[in-house]
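In this note's numbering, the protein residues as written are 86 to 253.
And the structure:
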């Protein structure tokens, strides 16, 4: 983590948390004469556009103040982007697993085994996946990497409901 990113996390983290959100990531990248500051936030239940607007105002105010006090932090003009994490974000913290209850995930374990199942429950120490053969409990300390799997036609989803309505 470079000094600028570390300082931004230190600066923005408490303010974002005060809005009821978790600061998931901060990145700064050059874009011509400006910098693009990307702030990724989340919370239990997901975030709405109103949440993004609220966090954007808070972060923008903090960055504007920081530019006066610490002009080297961003080095001048910047563009702020606030968003939620994408579906391809790795599940690295217990809260990530908890927020994906009901979703299909793939977990890579420390011994190299790959396990794919639906998250039935999760807490600070473990996650329970529903597999074809029944539930399996994984200790989060054993999980090297977890990712949400994109489902285009989940059983019991809207396609199945539409077919049932057509038959009626």
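Using N, Cα and C, we set each Cβ at its ideal position, and we do this for glycine too.
**Study point:** alpha helix (DSSP H) segments (min. 4 residues) lying fully within the segment 115–198
**Key:** 134–154 and 179–183
**Study point:** For residue 205, the three-state DSSP class (helix, strand or coil)
**Key:** strand
Check your understanding: So, is residue 108 buried or exposed, given that buried needs 16 or more other C-beta atoms within 10 angstroms?
Key -> buried
Exercise for review: Quick one: using the 10 Å Cβ neighbour count with 16 as the cut-off for buried, is residue 170 buried or exposed?
Suggested key: buried
Check your understanding: Do residue 100 and residue 164 have their CB atoms nearer than 8 Å?
Key -> no
Review point. Starting from residue 211 and walking both ways along the beta strand (DSSP E), at which residues does that stretch end?
Key: 211–216
Review point. For the beta strand (DSSP E) that residue 226 lies in, which residues bound it at each end?
Key: Premise fails: residue 226 is in no beta strand (DSSP E) and is neither H nor E.
Check your understanding: Is the CB-CB distance between residue 192 and residue 186 below 8 Å?
Key -> no
Check your understanding: Leaving out five residues before and five after residue 160 in sequence, what residues of the same chain have Cβ atoms less than 8 Å from its Cβ?
Key -> 120
Exercise for review: Please report how far the alpha carbon of residue 227 lies from the alpha carbon of residue 118, in whole angstroms.
Suggested key: 44 Å
Practice item. Return yes when the Cβ of residue 184 is within less than 8 Å of the Cβ of residue 203, no when it is not. Key: no
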